[in-house]
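For reference, each letter of the sequence shown is one residue, going 4 to 250 in our numbering. Heads up: the structure comes next, in structure tokens.
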Amino acid sequence: MRIAVIADIHGNDLALEAVLADIDRRGIREIVNLGDHLSGALNAGRTADILLSRADIACIAGNHDRWLLEKQPDAMGSWDRRAHAQLAAHHLDWLTQLPPTRLVAGSVFLCHGTPAADTTYWLDEPSGEGVMQLSPVERIEALAGGIDHPVLLCGHTHIARAVRLRDGRLVVNPGSVGSPAYDDDEPVPHKVETGTPHARYAVIERHGDRWDATFHLVDYDHMAMARLAESRGELDWARALATGWLS
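Pasting the structure below:
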């Protein structure tokens, strides 16, 4: 069994199209999507239309999807406010139907941040210097407590990572389809920079009783998206999309 894993599209419709084409080219029929589909400086409405046209993709909600529903536009952050202005009622109705967690294939657990919280980083965390680093295995295992499935999938950090827990469970973050770099103030000021502008996804595959993961970087017209962000005055987005770095 092979399952393609995508996450953190953030309204990047061109990156999403490229990733889905690459998945289809590989003949992978099952796709899961770990949330944060629409919020950002790009094309939220068209991204939503693509996802709504693919009923075969098992989706859950991320923190930005939740904020699009819970907050009024004047209380939203810039990513959510720009996306919300592009969304029609049927797009928001679709978001209301997405669960925060989900089980697929009987043994693969989906969440956005951690099983308990969609805003908590799991496999990576910021250091005191604001640099993202691999979390200690003790912390990763503590956050996996009570979830006894062999594969646990998460997004949120935008960093592709796989960690094998000491009991054999596999935790996988596929990286971000559409947002290769960003900064944030929570839980401390920090940057996430992947270093290239590629769209990212993962494939998990079962071999007998063991699951493994591979990571894929996909070329697409990232400069078109960088120019779009720049035309909207979103210079951090433009740099991130062009290079995978913020500076």
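Glycine is no exception: its CB is placed at the ideal position from the N, C-alpha and C atoms.
Quick test of your reading: residue i and residue j, contact by CB under 8 angstroms. State the CB separation rounded to the nearest angstrom.
i	j	result
Tyr-124	His-159	6 angstroms
Ala-61	Val-107	5 angstroms
Tyr-223	Ala-7	Contact flag wrong, Cβ pair sits at about 16 angstroms.
Ala-147	Arg-169	Contact flag wrong, Cβ pair sits at about 11 angstroms.
Ile-9	Ile-34	7 angstroms
Arg-203	Gly-178	3 angstroms
Ala-145	Leu-90	Actually they are not in contact, since the Cβ atoms of Ala-145 and Leu-90 sit about 36 angstroms apart, beyond 8 angstroms.
Out of the options, state which residue places its alpha-carbon closest to the alpha-carbon of residue i.
i	options	result
His-13	Leu-244, Glu-233, Gly-148 and Ser-234	Leu-244
Val-166	Val-180, Ile-207, His-201 and Ser-182	Ile-207
Leu-101	Ser-138, Leu-37 and Thr-197	Leu-37
Arg-230	Asp-27, Ala-44, Gly-30 and Ile-9	Ala-44
Lys-194	Ala-227, Glu-132 and Leu-156	Glu-132
Ala-205	Asp-77, Arg-172 and Leu-23	Leu-23
Gly-149	Ala-119, Asn-176, Leu-126 and Gly-178	Ala-119
Ala-216	Leu-155, Arg-84, His-67 and Val-140	Leu-155
Thr-197	Pro-190, Glu-233 and Asp-127	Asp-127
Thr-122	Asp-68, Gln-75 and Asp-151	Asp-68
Val-191	Asp-11, Arg-84 and Ser-130	Ser-130
His-161	Gly-181, Pro-153, Val-174 and Arg-142	Gly-181
Leu-41	Asp-25, Arg-28, Ser-250 and Ala-18	Ala-18
His-152	Leu-113, Asn-66 and Arg-242	Leu-113
Arg-29	Leu-55, Val-140, Asp-11 and Arg-5	Arg-5
Cys-157	Pro-103, Pro-183, Arg-209 and Glu-189	Pro-103
Per DSSP, residue i forms a beta bridge with which residues?
i	result
Trp-214	Arg-209
His-225	DSSP, once it has assigned bridges, lists no residue as partnering His-225.
Glu-128	Gln-136
Ala-202	Val-221
Cys-62	Asn-36
Leu-106	Phe-112
Glu-187	Reading off the sequence, residue 187 comes out as Asp, not Glu. His-193.
Val-174	Leu-155 and Val-166
Just reading off the beta strand (DSSP E) that residue i is part of, what are its end residues?
i	result
Glu-196	193 to 196
Leu-156	154 to 156
Ile-6	5 to 9
Leu-244	No beta strand (DSSP E) contains Leu-244, which is instead part of the alpha helix (DSSP H) from 238 to 246.
Leu-101	No beta strand (DSSP E) holds Leu-101; DSSP gives it neither H nor E.
Pro-118	Run containing Pro-118: none; DSSP gives neither H nor E here.
Pro-76	Where Pro-76 is concerned, there is no enclosing beta strand (DSSP E), given that its DSSP letter is neither H nor E.
Return yes when the C-beta of residue i is under 8 angstroms from any heavy atom of the ligand ATP, and no when it is not.
i	result
Ala-205	Looking for the ligand ATP in the displayed structure turns up nothing, as the structure carries no ligands at all.
What is the residue span of the alpha helix (DSSP H) that residue i lies within?
i	result
Val-22	16 to 28
Ala-165	It is not in any alpha helix (DSSP H) - Ala-165 instead sits in the beta strand (DSSP E) that spans 163 to 167.
Leu-299	This structure leaves residue 299 out entirely; the chain is present only between 4 and 250.
Ala-86	81 to 87
Between the region 225 to 241 and the region 54 to 68, do three or more beta carbon pairs fall short of 8 angstroms?
Flag = no, the region 225 to 241 and the region 54 to 68 do not touch.
Check whether the region 133 to 141 touches the region 88 to 98, counting contact only when three or more Cβ pairs, one atom from each stretch, lie closer than 8 angstroms.
No: fewer than three Cβ pairs fall under 8 angstroms.
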